[in-house]
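Protein chains: 2
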Amino acid sequence: MRKKPTILSSRTVARSRLFHVEEVELEFSNGVNTRYERLVGSSRGAVLIVPVMDDGNVLLIREYAAGTHRYELALPKGRIEAGEDLLAAANREIMEEVGYGARELIHLTSLTIAPGYLSHTTHVVLARDLRPQRLDGDEPEDIEVVPWPLDRIEALSAQEDFTEARSIAALYLARERLAR
Amino acid sequence: MRKKPTILSSRTVARSRLFHVEEVELEFSNGVNTRYERLVGSSRGAVLIVPVMDDGNVLLIREYAAGTHRYELALPKGRIEAGEDLLAAANREIMEEVGYGARELIHLTSLTIAPGYLSHTTHVVLARDLRPQRLDGDEPEDIEVVPWPLDRIEALSAQEDFTEARSIAALYLARERLAR
Numbered sequence: 013m014r015k016k017p018t019i020l021s022s023r024t025v026a027r028s029r030l031f032h033v034e035e036v037e038l039e040f041s042n043g044v045n046t047r048y049e050r051l052v053g054s055s056r057g058a059v060l061i062v063p064v065m066d067d068g069n070v071l072l073i074r075e076y077a078a079g080t081h082r083y084e085l086a087l088p089k090g091r092i093e094a095g096e097d098l099l100a101a102a103n104r105e106i107m108e109e110v111g112y113g114a115r116e117l118i119h120l121t122s123l124t125i126a127p128g129y130l131s132h133t134t135h136v137v138l139a140r141d142l143r144p145q146r147l148d149g150d151e152p153e154d155i156e157v158v159p160w161p162l163d164r165i166e167a168l169s170a171q172e173d174f175t176e177a178r179s180i181a182a183l184y185l186a187r188e189r190l191a192r
Numbered sequence: 013m014r015k016k017p018t019i020l021s022s023r024t025v026a027r028s029r030l031f032h033v034e035e036v037e038l039e040f041s042n043g044v045n046t047r048y049e050r051l052v053g054s055s056r057g058a059v060l061i062v063p064v065m066d067d068g069n070v071l072l073i074r075e076y077a078a079g080t081h082r083y084e085l086a087l088p089k090g091r092i093e094a095g096e097d098l099l100a101a102a103n104r105e106i107m108e109e110v111g112y113g114a115r116e117l118i119h120l121t122s123l124t125i126a127p128g129y130l131s132h133t134t135h136v137v138l139a140r141d142l143r144p145q146r147l148d149g150d151e152p153e154d155i156e157v158v159p160w161p162l163d164r165i166e167a168l169s170a171q172e173d174f175t176e177a178r179s180i181a182a183l184y185l186a187r188e189r190l191a192r
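So the sequences go chain by chain: A and B.
Residues in the first sequence are numbered from 13 upward in steps of one, following this note's numbering.
Residues in the second sequence are numbered from 13 upward in steps of one, following this note's numbering.
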């Protein structure tokens with residue numbers, strides 16, 4: 013494995029309520045110096061949950077996304093709160109977003125979304141043995157829950173509003189895990 | 013399909029060389045008003061390429077990622093330049109990053125990475141019929157090219173440095189397309 017570049021300096025170049033942009037000055041092991049901008053994320057990260065019902069349906073949600081200004085179909089997800097365990101966060105999020113709690117929660121893997129620019133990590137959790145259990149979330153409107161057969165995820169790519177890379181990756185990884 | 017929220021106002025709240033943060037004020041169809049911050053991206057977006065050799069190996073790259081401050085294994089990718097067609101951008105990126113050009117380029121799908129916060133779109137391109145052809149890129153150090161059998165992508169998840177959601181999603185989608 014190559015030696016990582018050395019961070020010579022870093023400074024904040026922009027900041028808003030949610031975002032923190034940092035410029036880092038790096039020296040690569042070959043002597044090349046360069047500057048990069050990156051977004052500094054929460055060190056706790058987020059959870060993305062694959063909630064699978066006993067009948068083989070996975071519960072997707074359709075929700076307004078401000079970044080693309082569209083309704084997007086995706087897996088439920090959310091931030092891990094301070095002091096919260098990642099499996100507890102996953103269970104809370106599905107209670108808030110799809111109205112179920114899980115008796116079995118398995119951390120499958122952890123994903124990055126744009127590692128060149130973001131430190132953000134998303135932990136993928138498989139949730140099974142689901143029971144109806146609702147917690148109030150902070151969503152501005154009701155979330156539409158869309159059950160989808162896990163053995164038909166190929167057909168999801170044809171859905172125009174199903175585009176989120178983490179959800180696609182997580183569904184394939186969950187299907188593989190369940191097939192073992 | 014539900015009626016999209018109305019954007020009542022938007023304003024820039026932070027800006028750096030690379031990033032532009034906007035705050036939008038929205039009214040949902042149920043009358044609820046709320047504010048969101050989002051990153052405004054390039055309208056051209058990026059390309060992520062699945063370069064498949066005649067022998068069934070896909071060409072991955074291992075490259076330093078400033079966001080996570082690690083070397084990351086992923087598919088080659090890059091921004092679409094002004095006036096550039098997405099397939100031409102895909103072909104240029106693989107010439108720069110893996111040293112091959114493709115005689116067959118197929119746009120498989122377009123992915124989002126965090127639609128709640130980013131407008132960014134990544135177009136996934138399958139590249140086949142590859143021939144050695146190198147273009148100089150602007151990387152600070154040589155990129156390591158890692159051939160990997162497309163029929164063994166399950167094993168990639170066990171690689172600690174293979175975490176990028178778009179690359180995982182694109183590999184499964186490409187394998188499905190090639191199996192048809």
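Just so it is clear, CB atoms sit at the ideal spot from N, CA and C, and this is done for glycine as well.
Being a predicted model, the structure only gives us computed values, none of them experimental.
CA-CA distance, residue i and residue j?
i	j	result
Leu20/B	Pro88/B	39 Å
Val112/A	Val70/A	Position check: residue 112/A holds Tyr in this sequence, whereas Val was assumed. Rounded to the nearest angstrom, the two C-alpha atoms are 12 Å apart.
Arg56/B	Pro127/A	20 Å
Asp66/A	Leu72/A	15 Å
Pro217/A	Ala58/B	Residue 217/A cannot be examined here, being either before or after the span of chain A that is shown, 13 to 192.
Ser253/A	Glu34/B	For chain A, the structure presents residues 13 to 192; residue 253/A sits outside this window and is missing.
Val25/A	Ser28/B	6 Å
Phe174/B	Tyr184/A	15 Å
Arg178/A	Ser41/A	32 Å
Arg91/B	Thr133/B	10 Å
Val136/B	Leu51/B	21 Å
Val62/B	Glu84/A	25 Å
Ala186/B	Leu60/B	12 Å
Ala181/B	Ser22/A	33 Å
Glu108/A	Arg74/A	14 Å
Leu117/B	Glu96/B	15 Å
Pro152/A	Ser54/A	23 Å
His32/A	Glu156/A	32 Å
Leu190/B	Leu138/B	9 Å
Ser131/B	Glu49/B	12 Å
Glu39/B	Met13/B	17 Å
Asp154/A	Glu172/B	38 Å
Glu176/A	Val36/B	22 Å
Can you find a CB in chain A that lies within less than 8 Å of the CB of residue i?
i	result
Thr18/B	no
Glu166/B	yes
Arg103/B	The sequence shown places Asn at residue 103/B, rather than the Arg named in the question. No, Asn103/B lies away from the interface with chain A (no Cβ there is under 8 Å from its Cβ).
Arg91/B	no
Glu37/B	no
Arg23/B	no
Using a Cβ-Cβ cut-off of 8 Å, state whether residue i counts as contacting chain B.
i	result
Tyr112/A	no
Ala181/A	yes
Gly79/A	yes
Val265/A	Outside the displayed span of chain A (13 to 192) sits residue 265/A, for which this structure offers no information.
Arg14/A	yes
Name the chain A residues whose beta carbon is nearer than 9 Å to that of residue i?
i	result
Ala186/B	Going along chain A, no residue has its Cβ under 9 Å from Ala186/B, so there is no contact; the nearest lies around 11 Å.
Glu84/B	Thr124, Pro127, Gly128
Residues of chain B with CB closer than 7 Å to the CB of residue i, please, in chain order.
i	result
Leu30/A	Glu49
Arg178/A	Ala177
Under 9 Å Cβ-Cβ, which residues of chain B neighbour residue i?
i	result
Ser169/A	Leu120, Thr121, Leu185, Glu188
Just to make sure I have the definition right: I need the residues of chain B whose C-beta is within less than 8 Å of the C-beta of residue i. Which are they?
i	result
Met107/A	Result: empty, since nearest Cβ-Cβ is about 19 Å, beyond 8 Å.
Whose Cβ in chain A lies nearer than 7 Å to the Cβ of residue i?
i	result
Arg27/B	Ala26
Just the chain A side, please: which residues come within less than 8 Å of residue i by C-beta, in chain order?
i	result
Arg115/B	In chain order: nothing, as chain A lies at least about 25 Å away.
Could you check whether the Cβ of residue i sits closer than 7 Å to any heavy atom belonging to the ligand NAD?
i	result
His135/B	Ligands displayed in this structure: none; no statement on the ligand NAD is therefore possible.
> Do the segment 103–115 of chain A and the segment 162–169 of chain A meet, that is, are 3 or more Cβ pairs less than 8 Å apart?
Replying inline: Judged by Cβ distances under 8 Å, the segment 103–115 of chain A makes no contact with the segment 162–169 of chain A, as fewer than three pairs qualify.
> Any chance the segment 75–90 of chain B sits against the segment 33–47 of chain B, with 3 or more Cβ pairs inside 8 Å?
Replying inline: Taking a contact to require three or more Cβ pairs closer than 8 Å, the segment 75–90 of chain B and the segment 33–47 of chain B do not qualify as touching.
> According to a CB-to-CB cut-off of less than 9 Å, which residues of the segment 119–135 of chain A neighbour chain B?
Replying inline: If the cut-off is 9 Å between Cβ atoms, the segment 119–135 of chain A has Leu120, Thr121, Ser122, Leu123, Thr124, Ile125, Ala126, Pro127, Gly128, Tyr129, Leu130, Ser131, His132, Thr133, Thr134 near chain B.
> What residues in the segment 56–77 of chain A bring their beta carbon closer than 7 Å to a beta carbon of chain B?
Replying inline: For chain B, the residues of the segment 56–77 of chain A that bring a beta carbon within less than 7 Å of one of its beta carbons are Tyr76, Ala77, in chain order.
>> I want to know whether the segment 138–156 of chain A touches the segment 108–125 of chain A - three or more CB-CB distances under 8 Å.
In response: Yes: the two stretches touch, three or more of their Cβ pairs being nearer than 8 Å.
> Going along the segment 146–165 of chain A in order, which residues come within less than 7 Å of chain B, judged by CB to CB distance?
Replying inline: Only those residues of the segment 146–165 of chain A whose C-beta falls short of 7 Å from the nearest C-beta of chain B are listed: Pro152, Glu153.
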